[in-house]
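For the record, the sequence lines run as chains Y and F. Residue 128 in my numbering sits at position 128 of the first sequence; the count goes up by one each step and never skips. Residue 225 in my numbering sits at position 225 of the second sequence; the count goes up by one each step and never skips. As structure tokens, the structure follows; a few thoughts come after it.
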Amino acid sequence: MQNQPDRSGPPSIPALLARNAATWGQRPAYREKEFGIWQSWTWAQAAEEIRALALGFLHMGLAPGDHVAIIGRNRPAHYWSMVAAQMCGAVPVPLYQDAVVEEMAYVLGHCGARFVVCGDQEQVDKVLEVGAGAPKIEQIIYTDKRGMRKYDHSAMNALADVQAEGRAAHQRHEEELDRRIAALGYDDTCVMLYTSGTTGKPKGVVLSNRNIIETARNTCAFDRLTEAEEVLAYLPMAWVGDFIFSVGQAYWAGFTVNCPESAQTMMTDLREIGPTYFFAPPRVFEGQLTSVMIRMEDAGRIKRGLFHHAMNLARRIGPDLLDGKPVGLLDRLRYALGDLLVYGPLKNTLGYSRIRVGYTAGEAIGPEIFDFYRSLGINLKQLYGQTEASVFITQQPDGQVRSDTVGVPSPGVELKIADSGEVFYRSPGTFVEYFNNAESTASTKDAEGWVATGDAGFFEEGSGHLRIIDRAKDVGRMADGRMFAPKYVENKLKFYPNILEAVVFGAGRGMCTAFINIDLTAVGNWAERNNIAYASYQELAGHPQVYAAIREHVEAVNESVAADPMLSGCQIHRFLVLHKELDPDDGEMTRTRKVRRNIIAEKYADLIAALYDGSEQVSTRTEVTYEDGRKGEIRATLRIEDARTFPTAEPQRVAAE
Amino acid sequence: MTHDPTPDARHIGPVLMDLKNITLRFGGVTAIKDISFDIREGEIRAIIGPNGAGKSSMLNVISGFYVPQEGEIWFEGKRRPAMKPYEVARLGLARTFQNIALFDGMSVLDNIMTGRLNKMNAPLWSQALWWGRAEREEVENRAQVEKIIDFLEIQNIRKTPVGRLPYGLKKRVELARALAAEPRILLLDEPMAGMNVEEKEDMCRFILDVNDEFGTTIALIEHDMGVVMDLSDRVVVMDYGKKIGDGTPDEVRNNPEVISAYLGVEHA
């Protein structure tokens, strides 16, 4: 492979930065809300800041091929650190800022970072605590100065000071920096991102400039993204999606990246910015919908009536309007009135007034939730992707959006389905390798460049859209050989606002059973309105009326599962409501909030045993980890309930003579 | 690369406030009996003691709210005459209260802005017309307040009415308002009272950071001994209106009189 773009174009992110500074010098590149005001940097200013930082890094001795770890929330300075590292020929490695010390130690040690950029004192403390776990760390650079005065600064600097030194030393290092920028090739490493590690240790996915830039180019064209887009950068910087949206696509299309003031102000900042291009995992949309619905329940009768009336109209014709299908004139007029009175103000409150393209991915999204946003006229679509593909594998084109598919292959992506049902892809975004792990690379990517997604799925006849059933390794067989697809059932359960998480068991067993996590916001509000007093999460979770409500949901899911002859065996016979929320701090979920099945099965073995031995209740002790790392213990007696199951529907016969 | 634990790394300056032989009586009750101690520039000075020891009275003497019958208060080398509270505030003293004293109906931002009233000197007509000096001052003061909001991490409740906030956050807003006055000495009356462990940890960090970042001298009263011993540079111990100990946390901890005041005396 030649080390240059196929078409003439900038071969690296720093080269794109130079292009953007020349083309859109006066347009905003970054905004960050600080001290209550949106501060902004144009592309020209950002280029100057990044260059100063790169000169500073060079002055401190950053060498080509070094790794620079970046740990912090979404801030312009942290994005700049990544590009500045690239300028020096080094590889940026963003880390999850909420990772605990042990997790951080593994990644820092594995990538062998020499420089670490930390957001604040909290992150610096964690890196110092790692200490001998990552012996190659030489320099710590921090963004926020507060609380840092008393630290030993012999190998520690504030980011602003590094920039100042870089500016002062520009004459000495400028030539070397330009030489290094010019040396960056299309197949050189752009970034290294660690997978969240649903199973085993995280792996460092190496993505080249080619991966990132080609993916950005293709997908910007797919959705016609321009320099006028506004995005809100609020998802973890360590996640590949943030890198693609806030760096890859932002640099390719030249649009503005907005950083919120703090994690808690995200919703307010979203409203103030009103992004035109927005990505959120389903749980964000779910959370917003739940809060809207709860507030509407609390509203006066006239307002509530108006809202429900308008929403019924929107559900009927909104999606059609969005897809450009024919809609009667009278309905159009009524929708316009609804827009004036309900949809417009509601979208404004949610921060979606200007949205042109919205994506969701990562988990299945409930059809009602999906339809709710689309009926308001928000062009919410689904995509399917993973870190190893530089995100994009499939996405939904405008006008072909449905809640149960993940769309057609993204431009440049080839797909095939193996006999086992597993989905394979090959694309320009396909990762280079797992860092220092040739074995895993070889087992994931074959010689021809096909990568196993680990998901089982099929192409829908007619539309050609891909449908994902479950993780391929989770799809199993029950004792009698019927198909077991836990995720499929869990997603159906999670579509109920009362249920936050569900874990279904049944592989190799005679029947399926489930753990349920209630959603404290939704169930708590329901309890309040029904005068049910409770003192703790645990008490609410165990309340008989909560159990009754959950049982209704489980039975409704059973009924819908029974309609599918292939998966009918996955009906839930017995369930319990867990006494604590599944939490990444306890290792029960990944940082991206995906359930870790085997860890849960191990930790709650006593509960699973009780689900299958027919007992009515079970006492258990559970170890929990607090946010500061200390451990505690919860004791509880949980009730187990049976749920009604339904006979398998007859396979539908095609009407034929 | 290790965290330097010695407080000496911080600059502790000369004596800022000197209290000499203070005696305070309410009618027949003597709340404070002949107490002398000083507060140095840049230090965290704690006043501790069992219930009814006279700690709050002492703080009120420092803040100028109570005028002692005997004794002298020296501030920056000058003897401080009896003053009205606003005069004391101008001198550079700000405080928080044991039972929160915020304006419940006003937003967090407006509450903190009241801490800047001292810095607003625009004439009445300018303030009424919102023109000229008043506008400039408002912008400057708002910028200062925003720095404090950022420092105390309360951006997300900036526009929330104080009455709707939980207790721990109200305490933080009180600290913010006191800081807004850019005090020379910050007086904290039981900043951790009624807080849970997490809120206490946060508050400790903020107190240390304020001291570290702005170099503000802090005098505080606190019941939680663990907190006091961790935070302060020097501690005054009071019991029944008398001073029974004064020194570093270690010295105080080993002082037999202090131990007996807290644990009771053994009557053999």
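All C-beta atoms, glycine included, are put in the ideal place defined by N, C-alpha and C. Remember, predicted model here, so these are calculated numbers, not experimental data.
In the displayed model, His67 (chain Y) falls within a strand according to three-state DSSP. In this chain, Ala263 (chain Y) is not harboured by any beta strand (DSSP E), its DSSP state being neither H nor E.
Between the alpha carbons of Val577 (chain Y) and Glu616 (chain Y) lies a distance of about 13 Å. Of the residues F:Glu182, F:Ala143, F:Glu72, the one whose Cα lies closest to the Cα of Glu213 (chain F) is F:Glu182. Not a single CB atom of chain Y sits nearer than 8 Å to the CB of Ile207 (chain F).
For the region 130-162 of chain F, the beta-carbon criterion of a distance under 9 Å to any beta-carbon of chain Y is satisfied by Arg142, Ala143, Val145, Glu146, Lys147, Ile149, Asp150, Phe151, Glu153, Gln155, Asn156, Ile157, Arg158, Lys159.
From the listed residues Y:Asp269, Y:Ile212, Y:Leu207, the smallest Cα separation to Ala233 (chain Y) is found for Y:Asp269. Collapsing the DSSP output to three states places Asp18 (chain F) in a strand. Burial state of Ala82 (chain F) is exposed, judged by a 10 Å Cβ sphere holding fewer than 16 other Cβ atoms.
Residues of the region 237-264 of chain Y with a C-beta less than 8 Å from any C-beta of chain F: Glu261, Ser262, Gln264, listed in chain order. Straight-line measurement puts the Cα of Leu93 (chain F) at about 6 Å from the Cα of Leu186 (chain F).
When C-beta distances to chain F are compared with 7 Å, the residues of the region 120-143 of chain Y below that value are Leu128, in chain order.
Under the 8 Å criterion on CB atoms, Arg31 (chain Y) is classed as non-interfacial with respect to chain F. For Gly226 (chain F), the three-state secondary structure derived from DSSP is helix. Scanning Y:Trp239, Y:Arg295, Y:Arg509 for the CA closest to the CA of Phe279 (chain Y) turns up Y:Trp239. Counting only runs of 3 or more residues that sit fully inside the region 153-199 of chain Y, the beta strand (DSSP E) segments are 156-158, 189-194, in chain order.
Val423 (chain Y) places its beta carbon less than 8 Å from that of Gly457 (chain Y). According to the DSSP secondary-structure assignment, Met238 (chain F) is paired through a beta bridge with F:Lys243. For His59 (chain Y), the secondary structure class from DSSP, reduced to helix, strand or coil, is helix. Neighbours of Arg146 (chain Y) across chain F, judged by C-beta separation under 7 Å: Phe151, Asp209, Glu213.
Less than 8 Å divides the Cβ of Met156 (chain Y) from the Cβ of Ile140 (chain Y). A Cβ-Cβ contact shorter than 8 Å links Gly166 (chain Y) with Ala54 (chain Y). In this model, Arg80 (chain F) and Ala158 (chain Y) are separated by some 42 Å (Cα to Cα). Around the beta carbon of Ser81 (chain Y), a 10 Å sphere encloses 16 or more other beta carbons of the protein chains shown; the residue is thus reported as buried.
Residue contact check for Phe35 (chain Y) against chain F: a CB pair falls below 8 Å. For chain F, the residues of the region 146-161 of chain Y that bring a beta carbon within less than 8 Å of one of its beta carbons are Arg146, Gly147, Arg149, Lys150, Tyr151, Asp152, Ser154, Ala155, Met156, in chain order. With a 10 Å radius around the Cβ and a threshold of 16 neighbouring Cβ atoms, His579 (chain Y) comes out buried.
Under the three-state reduction of DSSP output, Tyr373 (chain Y) falls in the helix class.
With contact defined as three or more Cβ pairs closer than 8 Å, the region 111-130 of chain Y and the region 612-627 of chain Y are not in contact.
Boundaries for Phe206 (chain F): no beta strand (DSSP E) harbours it, while the alpha helix (DSSP H) harbouring it runs 197-214, taken from the DSSP string. Residue burial is scored here from C-beta neighbours: Gly510 (chain Y) has fewer than 16 other C-beta atoms within 10 angstroms and is therefore classed as exposed. With fewer than 16 other CB atoms across the displayed protein chains lying within 10 angstroms of its CB, Gln171 (chain Y) is exposed.
The three-state secondary structure of Ile212 (chain Y), taken from DSSP, is helix. A contact is defined here as three or more CB-CB pairs under 8 Å, and the region 94-105 of chain F meets this definition with respect to the region 162-169 of chain F. Residues Val15, Asp18 of the same chain have their beta carbon placed closer than 6 Å to that of Asp38 (chain F), with the five preceding and five following residues left out of the count.
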